[in-house]
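Protein chains in written order, with the working numbering: chain A, 1 to 182; chain B, 1001 to 1178.
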């Protein structure tokens, strides 16, 4: 790094600027993330106006649309996707919610037809145990291994490095005596 | 042994990654494999009659999902035509979210080798079968269970390596159970 660029980084004005920009980005990210919570009444892409009997049903419908993957446009949920299949599935889910189906019933309906991949949040069952608990298990193993290394280092540091057996002491003395003769 | 633990964990993860990266995420495994094929009853294209899937019980058959607005369907049509004309397994076509006139015109242009063409204009039978794109092809055994789902157009290799052997084994199973 040449002198000019290191001056730039070390300059307190630049540093404050970086911190401020960072904070603003962080705050706006958080607000945008929270913003999806404000879109309860936003229309799903291309959907018709839907009337539910109870507000609870409407909330369930909006939530479900965000929890199911559009299998055609796999990076979008059913709320966002404009694919024809997404529209069909929105209609089907709307009908089921209107007739009083519960969240788990609609989950099961879709999983039976499209598999686990349709859910953004995988169900907890035997085949998804590794998916759910694997990272924590990995964390535990790594943590245990890290502790072992640290303990090993501590023991190494605490152990006396000076040999105390008689042979070594005698040898050391003779070497020192040889040295002092010079 | 514990010194090798990080290496072992790393190798396990490499194994998973190697397996996962070779899979195509757009090809979703069907939960219908080895399950009963969803029953349906649909109008037949260009006729007043109705086709019922239960009529196909007793013999292995193939369901091909196609539409006149689907490009790859044109590419796979010769392969399907081959299958329908040369082999004993009937090929039922599911005309998915299409217009009758368009489908009739398409078949007139490219040929109609199908045992029957059922119209699923609403796409609700498609949903029951887990159809999420066109074309898709299913192989159903004599007992009415789905045995194989092919996503995308069928190629000659797919036919030779997967579909034909499967149909042959299903037919011989059916014969041996007589």
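The beta carbon of each residue, even a glycine, is placed where N, CA and C say it ideally should be.
Which chain B residues sit within Cβ distance under 7 Å of residue i?
| i | result |
| --- | --- |
| residue 79 of chain A | Neighbours of residue 79 of chain A on chain B: none; closest Cβ ~17 Å, over 7 Å. |
| residue 173 of chain A | Ordered by position in chain B, no residue passes the 7 Å Cβ test against residue 173 of chain A, which lies about 39 Å from the chain. |
| residue 117 of chain A | 1028 |
Using a threshold of 9 Å, state whether the C-beta atoms of residue i and residue j are closer than that.
| i | j | result |
| --- | --- | --- |
| residue 1040 of chain B | residue 1049 of chain B | no |
| residue 1140 of chain B | residue 1062 of chain B | yes |
| residue 1135 of chain B | residue 1066 of chain B | yes |
| residue 120 of chain A | residue 66 of chain A | yes |
| residue 1155 of chain B | residue 1079 of chain B | yes |
| residue 1076 of chain B | residue 1165 of chain B | no |
| residue 1008 of chain B | residue 138 of chain A | no |
| residue 1149 of chain B | residue 1123 of chain B | no |
| residue 1145 of chain B | residue 1054 of chain B | no |
| residue 1014 of chain B | residue 1083 of chain B | no |
| residue 82 of chain A | residue 69 of chain A | no |
| residue 1045 of chain B | residue 1104 of chain B | yes |
| residue 1142 of chain B | residue 1060 of chain B | yes |
| residue 16 of chain A | residue 8 of chain A | no |
| residue 1102 of chain B | residue 1068 of chain B | yes |
| residue 140 of chain A | residue 132 of chain A | no |
| residue 1167 of chain B | residue 1089 of chain B | yes |
| residue 114 of chain A | residue 1005 of chain B | no |
Where does the unbroken alpha helix (DSSP H) through residue i begin, and where does it stop?
| i | result |
| --- | --- |
| residue 1143 of chain B | Unbroken run through residue 1143 of chain B: none, as it is neither H nor E. |
| residue 1225 of chain B | As shown, chain B starts at 1001 and ends at 1178. That puts residue 1225 of chain B outside it, with no answer to give. |
| residue 1083 of chain B | 1071-1086 |
| residue 145 of chain A | 129-158 |
| residue 1093 of chain B | First-last for residue 1093 of chain B: 1091-1096, but that is the beta strand (DSSP E), not the alpha helix (DSSP H). |
| residue 1124 of chain B | 1124-1128 |
| residue 55 of chain A | 55-67 |
| residue 89 of chain A | 84-98 |
Could you list which residues in chain A have their beta carbon closer than 8 Å to that of residue i, in chain order?
| i | result |
| --- | --- |
| residue 1005 of chain B | 141 and 145 |
| residue 1151 of chain B | Within 8 Å Cβ-Cβ: nothing; residue 1151 of chain B doesn't reach chain A, min ~11 Å. |
List the residues of chain A that residue i touches, going by C-beta distances under 9 Å, in chain order.
| i | result |
| --- | --- |
| residue 1160 of chain B | Correct list: empty, because the minimum Cβ distance to chain A is about 27 Å. |
Hey, is residue i close to the ligand NAP, as in C-beta under 8 Å from one of its heavy atoms?
| i | result |
| --- | --- |
| residue 114 of chain A | Ligands in the displayed structure: none, and consequently the ligand NAP is not present. |
Please list, in chain order, the chain B residues whose beta carbon lies closer than 8 Å to that of residue i.
| i | result |
| --- | --- |
| residue 107 of chain A | Simply none; closest approach about 13 Å. |
| residue 89 of chain A | 1127 |
| residue 111 of chain A | 1031 |
| residue 92 of chain A | 1124 and 1127 |
What residue does the beta strand (DSSP E) around residue i start on, and which one ends it?
| i | result |
| --- | --- |
| residue 1061 of chain B | 1061-1066 |
| residue 1024 of chain B | Counting along the chain, residue 1024 of chain B falls outside any beta strand (DSSP E), and DSSP gives it neither H nor E. |
| residue 117 of chain A | Note, residue 117 of chain A: premise wrong, no beta strand (DSSP E); not H, not E. |
| residue 1114 of chain B | No beta strand (DSSP E) contains residue 1114 of chain B, which DSSP labels as neither H nor E. |
| residue 124 of chain A | Segment: none, residue 124 of chain A is in no beta strand (DSSP E) and carries neither H nor E. |
| residue 1043 of chain B | 1041-1043 |
| residue 52 of chain A | Element bounds for residue 52 of chain A: n/a, residue is neither H nor E. |
| residue 1050 of chain B | 1050-1052 |
List, in order along the chain, the chain A residues whose C-beta lies closer than 7 Å to that of residue i?
| i | result |
| --- | --- |
| residue 1140 of chain B | Ordered by position in chain A, no residue passes the 7 Å Cβ test against residue 1140 of chain B, which lies about 16 Å from the chain. |
Quick one: which chain B residues come within Cβ less than 9 Å of residue i?
| i | result |
| --- | --- |
| residue 114 of chain A | 1028, 1030, 1031, 1127, 1130 and 1132 |
| residue 84 of chain A | 1097 and 1123 |
When the cut-off is 9 Å and only beta carbons count, does residue i lie next to chain D?
| i | result |
| --- | --- |
| residue 138 of chain A | Looking for chain D here will not work: the only protein chains present are A and B. |
Indicate whether the contact test is met: 3 or more Cβ pairs, each with one atom in the region 1126-1137 of chain B and one in the region 1025-1035 of chain B, closer than 8 Å. yes
Quick check: the region 90-97 of chain A against the region 56-72 of chain A, are at least 3 beta-carbon pairs closer than 8 Å? yes
Taking any Cβ of chain A, which residues in the region 1123-1136 of chain B have a Cβ under 7 Å from it, in chain order? 1123, 1127, 1128, 1130, 1132 and 1133
Which residues of the region 1023-1044 of chain B have a Cβ closer than 9 Å to any Cβ of chain A? Give them in chain order. 1025, 1026, 1028, 1029, 1030, 1031, 1032, 1035 and 1038
Decide yes or no for the touch test of the region 1012-1019 of chain B against the region 157-173 of chain A: beta carbon pairs closer than 8 Å, at least 3 of them. no
Is it a yes or a no for the region 1110-1124 of chain B touching the region 1092-1099 of chain B, going by three-plus beta-carbon pairs under 8 Å? yes
Output needed in chain order: residues of the region 57-81 of chain A with a Cβ under 8 Å from some Cβ in chain B. 71, 72 and 74
Would you call the region 67-74 of chain A in contact with the region 11-30 of chain A, where contact means no fewer than 3 C-beta pairs closer than 8 Å? no
Name, going along the chain, the residues of the region 1081-1099 of chain B whose beta-carbon falls closer than 7 Å to a beta-carbon of chain A. 1097
Residues from the region 1008-1021 of chain B in contact with chain A, defined by Cβ distance under 8 Å: 1009
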